Structure formats: C-alpha cells, structure tokens
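J.: Got a structure here, written out as structure tokens. Questions coming.
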Ligand code: ADP
Ligand code: ZN
C-alpha cells in the first residue's frame, strides 16, 4: 500500500502525519503555526526523517487554512491568498514542499480535505453529493457534487452566507471582520464567546446559547440543502462537540424546510442525514492523505 504524507495546516498548529489509512498512521507531529520560515522547515524535517524510517512517500496532501488557490491550471496554484494570517499571505505552500519532495502534492482547503477523507473512509462512502461543515473558531464548508470536490472561481466559503438575523431577539451584531453578521459572524465558536462573554466550552448544555446556535446553523443548512441537494450533511469542528446541538439542528432544519422536501432522509431519517464525521479528530489528517492519493497517478 502506498505511503502518504499528510499536512493539516491550521491557524494555530500544523498536524503532519505519515501512513496509508485511518488505522495505519505510522507517525504524527504537531508544529505551531508561526511563520513560513519557522514552521515549514520543521514540516520538511519530519517528512525526511519519516522517509528514512518508513520508506519513500508516494505523495503528500496538504489541507490548509485559506483562502488559497487550489486550481492546478492557475499560475498561483498552491499559494495562500489574502489570509488574515499576515505572515502567510502569498506563500507558495506547494512550491516549498515540492522543492524538497519531487512527488505529487495534493492541495486544497482544510474543509475540502475533510470532505475527501469522509468520502474515502468515513460517513460519505458511496455518496456522490454531500457537504461537510466545520464549526470551530470560524465556520467552513466544502463539499462534493457528482463525485467531484466543489471548486469554481476559488472554493466554497459556506461560512460566510447571509441568514436572517433578528436583532431584537439577538442584539449581538456579529464578529465577521468582513460581513459582521454572516453565518460565521453569528454562529462560530468566536461568535459564541463574544456574544455570551464566556468560553463556549463553559456554557452548560441547557444554556440558551445552544438553541440560538442550532437555529443559525439550521438556517445555513437549509440554504445548502436547497441549493446543492446534498445526500448527507456532515458537521464537525470544536463547537459540534456539544452533542446536544445535533438534535436541535435537525429539528430546526425540519421546521424551516416546513415539509417542502418530501424525502424520507429529511422527514424520517434525519439522524442519518445530519451527522458527525466518522473519522472524528482524524478527519483532517485523513483528508490530507486522501488529497495525496488523489494527486498521485
Ligand atoms: P479551529 O477552528 O481553531 O481549527 P476547532 O475546530 O477545535 O479548531 O474549534 C475551536 C473552537 O471550538 C473554539 O471557539 C472553541 O471554543 C470551540 N470548542 C472546542 N471544543 C468545544 C466544546 N467541547 N464545546 C463547545 N465549543 C468548543
Ligand atoms: Zn463573513
């Protein structure tokens, strides 16, 4: 079985790993995300060491924070774009890795990587159209349509859609630096903390924060259901560790759709329609392996 390298590049840390599949991760390392000059050499060292121990890598997959250029035909393929992490703006991520490892390099957003990981080994096996939403510090979303990751002008930015916001019920004006009260501005982990003045982890399950949160997430999902017609919606990220959100989100989705879509998946089997990732906390790294596999001939 081919040996893959995976990089899950996040805003606070990089998780790098080497292996062939979810139950065969040979090594894993965490590296703080500081500057490319500091972080990338440690990534390269790790893969060089692993090649000595485990053998030659057949490909490396990179699932990264964005925005980024995932289009292999573009002159800036493999670059990070105007990311809020200033040190990384216009960084040639794929180029930096390819200079050291002359092997296929897969490159996409962290969330598109998670999409591919769930497709390959997780809860989306056998489907061809589904979405993955991650609710963490921010909100990201990616998906597959007809068996292909969704790309276009750039890549989906599903966290930044606009949804109804009743300022009387929820006077918090939102925390997105670009749009204020887009979905991310209202429902990200950061939004929860700013609205309630407490860490999301410290709010008890019966706190009103969670019903409000579920309602915003459900409004977002309803728009994705109606536009992309996904066969499943997978929801991950730190905030979704609050498992009480799942039943709340499901019932709000049913309420907002108002039995317009008469399909058993939504009317009767919604537990299996809106669900957590099967790969759990391995989703990011497995997504990166899946990107490597996709890039290798
Ligand atoms: P990131 O988005 O930074 O890549 P995560 O997906 O882990 O990483 O998301 C971090 C966010 O999720 C933070 O806002 C944190 O408060 C929130 N979070 C993490 N764990 C929990 C939890 N158990 N309950 C509620 N919120 C959580
Ligand atoms: Zn926004």
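In my numbering, the protein residues as written are 255 to 551.
For each residue, glycine too, the CB sits at the ideal point set by N, CA and C.
Note that the structure is predicted; figures quoted are calculated from it, not measured.
1) Using the beta-carbon count (16 or more within 10 Å), is residue 462 buried or exposed?
2) With DSSP as the reference, please indicate the residues paired to residue 388 in a beta bridge.
3) With respect to 7 Å, is the separation between the Cβ of residue 507 and the closest non-hydrogen atom of the ligand ADP below this value?
4) Examine the ligand ADP and report whether any of its heavy atoms sits within less than 7 Å of the Cβ of residue 411.
5) From residue 501 to residue 525, what does the alpha carbon distance come to, in whole angstroms?
6) Could you check whether residue 348 and residue 394 sit closer than 8 Å to each other, using their CB atoms as the reference points?
7) I need the straight-line Cα distance from residue 289 to residue 513, nearest angstrom please.
8) Considering only residues of the same chain and omitting the five flanking positions on each side of residue 424, which have a CB-CB separation below 8 Å?
9) Determine the direct distance from the alpha carbon of residue 434 to that of residue 540, and round the result to whole angstroms.
10) Starting from residue 456, trace the beta strand (DSSP E) in both directions and tell me its first and last residue.
11) Quick one: give me the first and last residue of the beta strand (DSSP E) that residue 269 is part of.
12) Please report how far the alpha carbon of residue 260 lies from the alpha carbon of residue 301, in whole angstroms.
13) What residue ranges within the stretch 486-532 form continuous alpha helix (DSSP H) runs of no fewer than 4 residues, ordered along the chain?
14) Quick one: does the C-beta of residue 432 sit closer than 7 Å to a heavy atom of the ligand ZN?
15) Considering only heavy atoms of the ligand ZN, does any lie closer than 7 Å to the CB of residue 414?
16) Since residue 322 sits in a beta bridge, which residues does DSSP pair it with?
17) Look at the alpha carbon of residue 544 and the alpha carbon of residue 421, and state the distance between them as a whole number of angstroms.
18) Taking the alpha-carbon positions, what's the residue 318 to residue 346 distance?
19) Suppose the cutoff is 8 Å on Cβ atoms and the five residues either side in sequence are ignored; what does the same chain contact list for residue 266 look like?
20) Helix, strand or coil: how does DSSP classify residue 280 here?
21) Going residue by residue through the stretch 336-363, where are the continuous beta strand (DSSP E) segments of at least 3 residues, counting only ones entirely within it?
22) When burial is assigned at 16 or more other CB atoms within 10 Å of the CB, is residue 268 buried or exposed?
23) Using only CA atoms, which one of 447, 297, 493 lies nearest to residue 353?
24) Go through the residues and name those whose CB comes closer than 5 Å to any heavy atom of the ligand ADP, in chain order.
T.: Put simply:
1) Translated into positions along the chain shown, residue 462 becomes position 208. Exposed, since its Cβ has fewer than 16 Cβ neighbours within 10 Å.
2) Position 134 of the chain shown holds residue 388. For residue 388, which the question treats as bridged, DSSP gives the partners 394, 490.
3) For the purposes of this step, residue 507 is taken as residue 253 along the chain shown, with counting starting at 1. For the ligand ADP, not one heavy atom lies less than 7 Å from the Cβ of residue 507.
4) One-based indexing of the chain shown puts residue 411 at position 157. It does not: the Cβ of residue 411 is nowhere closer than 7 Å to a heavy atom of the ligand ADP.
5) Position 247 of the chain shown holds residue 501. Position 271 of the chain shown holds residue 525. Rounded to the nearest whole angstrom, the C-alpha separation of residue 501 and residue 525 is 8 Å.
6) Stepping through the chain shown from its first residue, residue 394 is reached at position 140. Stepping through the chain shown from its first residue, residue 348 is reached at position 94. Not closer than 8 Å, so no.
7) Working through the chain shown from its first residue, we reach residue 289 at position 35. Working through the chain shown from its first residue, we reach residue 513 at position 259. Taking the straight line from one Cα to the other gives about 50 Å.
8) Position 170 of the chain shown, counting from 1, holds the residue named residue 424. 440, 449, 466.
9) As a working note, residue 540 is residue 286 in the chain shown. As a working note, residue 434 is residue 180 in the chain shown. One C-alpha to the other measures close to 33 Å.
10) Start at 1 with the first residue of the chain shown, and residue 456 comes out as number 202. It is not in any beta strand (DSSP E) - residue 456 carries neither H nor E in the DSSP assignment.
11) Residue mapping note: residue 269 aligns to position 15 of the chain shown, counting from 1. Run containing residue 269: 267-275, per the beta strand (DSSP E) assignment.
12) Your numbering for residue 260 matches position 6 in the chain shown. Your numbering for residue 301 matches position 47 in the chain shown. Approximately 9 Å between the Cα atoms of the pair.
13) 499-511, 518-521
14) As a working note, residue 432 is residue 178 in the chain shown. Within the cutoff, so yes.
15) Position 160 of the chain shown, counted from the start, is the residue given in the question as residue 414. At least one heavy atom of the ligand ZN is nearer than 7 Å to the Cβ of residue 414, so yes.
16) Residue numbering aside, residue 322 sits at position 68 when the chain shown is read from its first letter. Per DSSP, 334.
17) Locating residue 544 in the chain shown gives position 290, where the first residue counts as 1. Locating residue 421 in the chain shown gives position 167, where the first residue counts as 1. Looking at the two C-alpha atoms, the distance is approximately 42 Å.
18) The residue you call residue 318 lines up with position 64 of the chain shown. The residue you call residue 346 lines up with position 92 of the chain shown. Whole-angstrom Cα-Cα distance: 12 Å.
19) Against the chain shown, residue 266 aligns to sequence position 12. So the list reads 286, 287, once near-sequence residues are dropped.
20) Locating residue 280 in the chain shown gives position 26, counting from the first residue. The three-state reading of DSSP puts residue 280 in strand, counting E and B together.
21) At a cut-off of 3 residues, the continuous stretches assigned as beta strand (DSSP E) that sit fully inside the stretch 336-363 are 359-363.
22) Within the chain shown, residue 268 is the residue found at index 14, counting from 1. It is buried - the Cβ of residue 268 has at least 16 other Cβ atoms within 10 Å.
23) Taking the chain shown and counting its residues from 1, the one referred to as residue 353 is at position 99. Nearest C-alpha to residue 353: 297.
24) Listed along the chain, these residues meet the criterion: 264, 390, 391, 443, 454, 455, 491, 492, 493, 495, 496.
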